[in-house]
Amino acid sequence: MATTLKNLSDTDIQPIPDATGLKFGILVAEWNPEVTLSMAKAAKETLLTHGVSERDILFKYVPGSYELSLGAQYMAEYTDVDAVICLGCVIQGETRHFDFVCKAVTDGTNEVSLKYNIPIGFGVLTTENQQQALDRAGGKHGNKGVEAAGAAIKMVVLKHELNKENE
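Following my numbering, the numbering of the sequence shown begins with 52 at its first residue and continues without gaps.
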């Protein structure tokens, strides 16, 4: 969670584990590209830093944050990725459109994760203005792409650990 007290690029209690041999899909919303492309670059760098090979990263683009849910479902159904990282940015405007898009993408990506038993790194910024988004896409609050990729790695590793313990 982004606050003024936390940098999104800092690791949590446990460091990000090794992800060698894992495959990740990165879905990037085309809307607000100065924000989403910065998050995508950071997510990719995070995966590479933690052992994921370039060939095991599948990049795809969707028109906007609303389409991330269906894009994640397509990746879950039609690829062999271990997790999907969804990156988008919704900035508050003058209408309630913001509320509907934010709820739809949050609920939709969660539903895909549970339905397909696949971790989804949720990197969707929901900000009041452009500056807040930039501050969280490589600015003074770090980069949400790092956080989303780290969360995806941690969840895949957890899934594999629990699966092995249950064999």
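Just so it is clear, CB atoms sit at the ideal spot from N, CA and C, and this is done for glycine as well.
Report yes if the CB atom of residue 70 is closer than 8 Å to the CB atom of residue 101, and no otherwise.
yes
DSSP three-state assignment for residue 70, whether helix, strand or coil:
coil
Alpha-carbon spacing of residue 138 relative to residue 64, whole angstroms
23 Å
Closest to residue 206 by C-alpha separation, out of 171, 105 and 130, would be which residue?
171
The region 158 to 170 contacting the region 140 to 150, beta-carbon criterion three pairs below 8 Å
no
Spatial neighbours of residue 140 within its chain, please: C-beta separation below 6 Å, excluding the five flanking residues on both sides.
83, 86, 87, 176 and 184
Would you call the region 185 to 202 and the region 93 to 112 touching, i.e. three or more CB-CB distances under 8 Å?
yes
Out of curiosity, what's the CA-to-CA distance linking residue 200 and residue 73?
12 Å
Using beta-carbon positions only, say whether residue 156 and residue 76 come within less than 8 Å of one another.
no
When DSSP labels each residue in this structure, what does residue 205 get in the three-state scheme?
helix
Does the separation of the CB atoms of residue 112 and residue 79 fall below 8 Å?
yes
Of the listed residues 152, 125, 189 and 153, nearest to residue 166 (C-alpha basis)
125
Could you tell me the boundaries of the alpha helix (DSSP H) in which residue 166 lies?
148 to 167
Three-state class that DSSP yields for residue 87 in the structure shown
helix
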